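Have a look at the structure below before the remarks.
2 protein chains.
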Amino acid sequence: MADQGPKRILVLGGGFAGVYAAIELERLLQGRDDYQITLINRENYFVYQPMLPEIISGSIGLFDTVSPLRRLLPKTNVQVRDVESVDLEQKVVVTSPGFKPVAHRIRYDHLILALGTVTDFRGMTGLTQHALPFKNLGDALFLRNHVIHALEEASIEGDSELRQALLTFVIAGGGFSGVEVAAELNDFVRGVAKTYRGIDRSEIKVILLHGGARILPELTEKLGLLAQKVLAQRGVDIRFNAYLQAATTDAAILRDGTHIPTKTLVSTVPSSPNPILDMLALPKERGKIKVSNQLQVEGSDHLWALGDCALVPLPDGKSFAPPTAQHAIQEAKVAAHNLVASLRGGTRKTFDFGGLGKMGSLGHHSAVAEAFGMQFSGLLAWLMWRTVYLMKLPGWDRRFRTAVSWGTDLFLPPDIVQLKIAHSAGVTQEHYEPGDDIFRQGDLGDRLYIIIKGRCDVLRVIDGREQTLANLGPGEYFGEMALLNQTTRGATIRCTEGLDVLSLRKGDFGALVTHLPALRESFEKVVDRRNLGPGPD
Amino acid sequence: MADQGPKRILVLGGGFAGVYAAIELERLLQGRDDYQITLINRENYFVYQPMLPEIISGSIGLFDTVSPLRRLLPKTNVQVRDVESVDLEQKVVVTSPGFKPVAHRIRYDHLILALGTVTDFRGMTGLTQHALPFKNLGDALFLRNHVIHALEEASIEGDSELRQALLTFVIAGGGFSGVEVAAELNDFVRGVAKTYRGIDRSEIKVILLHGGARILPELTEKLGLLAQKVLAQRGVDIRFNAYLQAATTDAAILRDGTHIPTKTLVSTVPSSPNPILDMLALPKERGKIKVSNQLQVEGSDHLWALGDCALVPLPDGKSFAPPTAQHAIQEAKVAAHNLVASLRGGTRKTFDFGGLGKMGSLGHHSAVAEAFGMQFSGLLAWLMWRTVYLMKLPGWDRRFRTAVSWGTDLFLPPDIVQLKIAHSAGVTQEHYEPGDDIFRQGDLGDRLYIIIKGRCDVLRVIDGREQTLANLGPGEYFGEMALLNQTTRGATIRCTEGLDVLSLRKGDFGALVTHLPALRESFEKVVDRRNLGPGPD
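Below, the structure written as structure tokens:
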């Protein structure tokens, strides 16, 4: 049946590359029922990435930056699943289970790989646990809610150290994404601060960390410097040659040893190709799939790769296409054309697109842009930015909604509703640096900690003097006493080395201990032992 | 200092009762600095409850139904925290910790209790685990996303039984809230179904369970019957005298034994007073605080209670104020007035409000209403409903945004973006009925289960015949083999009794087992034992 049925074209990924490839395939194969297009993506929407930072300030509606894939691709079978594995031999893609733990197996004749990149904090201590990524709608909403939460807490916090950390917002990465996030976040927190009775605007710090000597290296020096000036005037503190190296729950730590106390650290770098690629035995360079200038995977006649997961040669023969939306869209058109040509015959196209222009918003009716060999800045660039994005937004309903939101936003105050959503829950990991206190004697006990790596001291004030009761290491845990018997911590836990811990919420821990006899016994032993002497907690 | 400083008025709760009490206090005490008003609420916004169901269909923006408390109450200290405990003797309220595990203690001179009700599934098997509540913004967004997820899965599901369960939506409760949720949900799923290539509208079932013989008992019989007719015409299947008794991950179970296979069960009943009240030694009846017709707690001169957590006598001396927004607002005005009178002298007021009217939306430009002794239905009632709510919305920016959303919604298609948010994660509880399979041989293994209550069989197909390998009970676990060694389940788990389990995600389980030696040893022992014979999984 497989060989007589329609040709099955499978697209993996719903970013600019994947979606525009499917749109183009739908157009080229219109009216033909001997083809079947399927697209797999983990979200049911396409994110219009360049506008995502505007979610932070709420200047556009939550759903305005995204388009439902089914509306964009009426003739494509859209499957909202994670890709678990790809079997290139058998020509089968396996997706993760949905409501029932059964995997789907999807057969294909042609495969388009457009899996993009993922945020990758490997090798950077504590970033996975404490830095906020900024890639999809969930990230943007989470950041927005987190920022509002920090403002809420700062407004009632008496401890001046914690208060300053709550009012310090650090963004790592001075490229387009980092600059736009910093600009929007800065506008937002300074704009809403007056609504908070306990917060003075002068207490707010927004810090942009950039590895280079000037931000926006994608643009000319003149525009980059201009952007710096605009951001600095609005109160963004730009730190140059500053590399984020580690993070704890209380601070961002730079390569030169600087600690910046903060409760909000956003990292727009680094990203690496989708881990699915590691499983594929395909020619790769720098982790990306090598393709011809016709977007075909080297050595294959039915595999195509494009977008940020592919290494696409530019006409100069030396460089490769940069990871921008414009390039992805052009690659998608070429790939779709060539795929259809390989099926039906016809001339193939080669990819030779140099890009039209570049632009970045600086928030607050200001932007910088380069296009047609000219440079623009300020209000004019901002109007260009809005107009171009409005025209590029897929779907007229989206355009209309966004235009209305933007119009409304001009004269309404920004929204400060904090939508509480559980982002990470259950068992989480945390990282601490030497000298950090994980909790202090007298604190409320709301979590249990299990040591993965590193060591810490258990300290208690006895007769007015702080005394070390014990030193704990990997596999040991602390914090269980407050959960079992008491509500406040009987001791302080201070790191003597860099410490990684697993942390469990009170409720989860209680449920496990109650129902797992082995765990209960083990905890009871430790509790008994600790109760004999002055226990650690 | 406490006695010489300003009088501290503390309001607990940010629903209609608490917010309107604070608004009225701000007004009455305007320009006086010898008073300090503080309000504590777990969210930083006030929910305009009657419009919450519209979130489901996205016919209003996500934030249009809520108002930031700080904007509504510019002169009040708003604290966004959970109330942990109230010490009536010491006149102190303790709130839960924020970013740091330290509790806040807030002293008061006058306390207004407006804590409302909470969803309470106690005594109803499996509802806590498998029924979706519908009380706040998070619930509404979660339901919306869940419904879209069910549609996404149904569109690619081959198993016809699972497919039908995915396309069946059950709402329990035929009062205003349940009817409005059913109407909006029905409009939404039928409206967007055509966007899903694999779904036929005729497959969709929306079922409203109601305990009585007609819905909307709050209204006259005529209007109730009319509402039933309108809903039935739109395809809502109303089941009368139907009591929801239990739920599993696959079905809603009624008192008469009927199983309705579904993956979406919304329960708008029952609610009970906030559990904080249980800790307070105050005169109560039916779990609510008894107050005078001046809203003062019996036997106290500085405690006030109102809204759904109070039993407020009506002028007839026999009945009590119903739990509606209108009554809460009137109670708030009386309580605020009397509190100020008790501080500054002056005549007190008594509560004698009978309500102005009642109305409920049926979705799709239709509603039913009773007001001024008259009855309205259809488009006229719907326009009344919209106008009244628009005027009642606190804040002009909110009114404007909502009016724009409603206007836009008239000619744009409904949105189907699924915003993935982790609602419940980590350690969750699940309930199964006798005969249910928790997983089947060959399924993907993505969770570990620990038995809390009940028993189940471990079955494996050997030589084409299903054989029972073991029977497990409380404290035992299953599913660990697939997580440790394999990716698919080696056995089927079938309940022989009603079963409650704790369930852990693969990643959480892996982290715990890796780092907790006691747990690892215990699991290894079981794995060894099971590997000797044909193990359960």
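Taken in order, these protein sequences are the chains called A and B. Just add 1271 to wherever you are in the first sequence, counting from 1, and you've got our numbering. Just add 1271 to wherever you are in the second sequence, counting from 1, and you've got our numbering. For every residue, glycine included, the Cβ atom is placed at its ideal position computed from N, Cα and C. These figures come from a predicted structure and were not determined experimentally.
Assuming contact is defined by CB atoms lying nearer than 7 Å, are residue i and residue j in contact in what I supplied?
i: L1283 (chain A); j: L1386 (chain A); result: yes
i: V1450 (chain B); j: L1487 (chain B); result: yes
i: V1318 (chain A); j: N1407 (chain A); result: yes
i: Y1306 (chain B); j: L1300 (chain B); result: yes
i: K1629 (chain A); j: E1489 (chain A); result: yes
i: A1606 (chain B); j: L1577 (chain B); result: yes
i: L1296 (chain B); j: V1349 (chain B); result: no
i: F1622 (chain A); j: N1564 (chain A); result: yes
i: A1599 (chain B); j: A1288 (chain B); result: yes
i: G1397 (chain B); j: T1519 (chain B); result: yes
i: G1633 (chain B); j: A1498 (chain B); result: In the sequence on display, residue 1633 (chain B) carries Leu and not Gly. Contact flag set, yes.
i: T1366 (chain A); j: A1293 (chain A); result: no
i: P1372 (chain B); j: D1717 (chain A); result: yes
So if DSSP puts residue i in a beta bridge, which residue, or which two residues, is it bridged to?
i: Y1467 (chain A); result: DSSP output for Y1467 (chain A) lists no bridge partner at all.
i: F1647 (chain A); result: A:A1640
i: A1561 (chain B); result: Ala is not the amino acid found at residue 1561 (chain B); the sequence shown has Lys there. B:L1582, per the DSSP bridge assignment.
i: Q1307 (chain A); result: A:R1279
i: P1339 (chain A); result: A:Y1316
i: T1739 (chain B); result: B:L1730
i: D1771 (chain A); result: A:H1702 and A:K1724
i: D1714 (chain A); result: Looking at the DSSP assignment, D1714 (chain A) forms no beta bridge with any residue, so it has no partner.
i: W1575 (chain B); result: B:I1383 and B:Q1567
If we define contact as Cβ-Cβ less than 7 Å, is residue i a contact residue for chain B?
i: Q1350 (chain A); result: yes
i: I1280 (chain A); result: no
i: R1736 (chain A); result: no
i: S1563 (chain A); result: no
i: R1303 (chain A); result: no
i: S1859 (chain A); result: Since the displayed chain A opens at 1272 and closes at 1808, residue 1859 (chain A) lies outside it and no answer follows.
i: S1793 (chain A); result: yes
i: G1806 (chain A); result: In this prediction, G1806 (chain A) has a pLDDT of 42, which is less than 50 and means its spatial position is unreliable; nothing more can be read from the coordinates.
i: I1427 (chain A); result: yes
i: D1714 (chain A); result: yes
i: G1284 (chain A); result: no
i: A1782 (chain A); result: yes
i: G1865 (chain A); result: For residue 1865 (chain A) there is no data in the structure shown, the boundaries of chain A being 1272 and 1808.
i: R1341 (chain A); result: yes
i: L1773 (chain A); result: yes
Counting only beta-carbon atoms, is residue i nearer than 7 Å to chain A?
i: F1710 (chain B); result: yes
i: V1698 (chain B); result: yes
i: E1423 (chain B); result: yes
i: H1324 (chain B); result: Note that residue 1324 (chain B) is Pro in the sequence shown here, rather than His. Closer than 7 Å: no.
i: V1290 (chain B); result: no
i: L1661 (chain B); result: no
i: P1788 (chain B); result: yes
i: R1393 (chain B); result: no
i: G1746 (chain B); result: yes
i: P1277 (chain B); result: no
i: D1717 (chain B); result: yes
i: M1272 (chain B); result: Here the model assigns M1272 (chain B) a pLDDT of 40, short of 50, so the residue's position is not dependable, and the following value carries that caveat. No, because no Cβ of chain A sits closer than 7 Å to the Cβ of M1272 (chain B).
Pull up the CB-CB distance for residue i and residue j, whole angstroms please, since I reckon it's below 8 Å.
i: I1326 (chain A); j: L1412 (chain A); result: 6 Å
i: I1524 (chain B); j: E1701 (chain B); result: I1524 (chain B) to E1701 (chain B), Cβ: 14 Å. No contact.
i: I1478 (chain A); j: L1438 (chain A); result: I1478 (chain A) to L1438 (chain A), Cβ: 11 Å. No contact.
i: C1580 (chain B); j: N1545 (chain B); result: 6 Å
i: K1362 (chain B); j: R1376 (chain B); result: Going by Cβ atoms, the distance from K1362 (chain B) to R1376 (chain B) rounds to 11 Å, so no, they are not a contact pair.
i: V1729 (chain B); j: Q1712 (chain B); result: Incorrect: roughly 10 Å between the Cβ atoms, too far for contact.
Problem - Contact residues within the stretch 1352-1374 of chain A, judged by C-beta distance below 7 Å to chain B - result: Under the 7 Å Cβ criterion, the stretch 1352-1374 of chain A contributes P1368, G1369, F1370, K1371, P1372, V1373 and A1374.
Practice task
Mind checking the stretch 1446-1478 of chain B against chain A and listing, in chain order, the residues whose C-beta falls within less than 8 Å of any C-beta there?
Solution key: Listed in sequence order: T1466, Y1467, R1468 and G1469.
Problem - chain B contacts from the stretch 1521-1540 of chain A (Cβ-Cβ distance under 8 Å) - result: From the stretch 1521-1540 of chain A, only K1534 have a Cβ closer than 8 Å to chain B.
Practice task
Return the residues of the stretch 1307-1322 of chain A that lie within a Cβ-Cβ distance of less than 9 Å from chain B, sorted by chain order.
Solution key: So the list reads R1313, E1314, N1315 and Y1316, given in the order they occur along the chain.
Practice task
Please list the residues of the stretch 1570-1584 of chain A that have a C-beta atom closer than 8 Å to any C-beta atom in chain B, keeping them in chain order.
Solution key: Those would be none; no residue qualifies.
Exercise for the section: With 9 Å as the limit, tell me which residues of the stretch 1405-1419 of chain B have their beta carbon closer than that to any beta carbon of chain A; keep them in chain order. Expected result: Listed in sequence order: N1407, L1408, G1409, L1412, F1413 and I1419.
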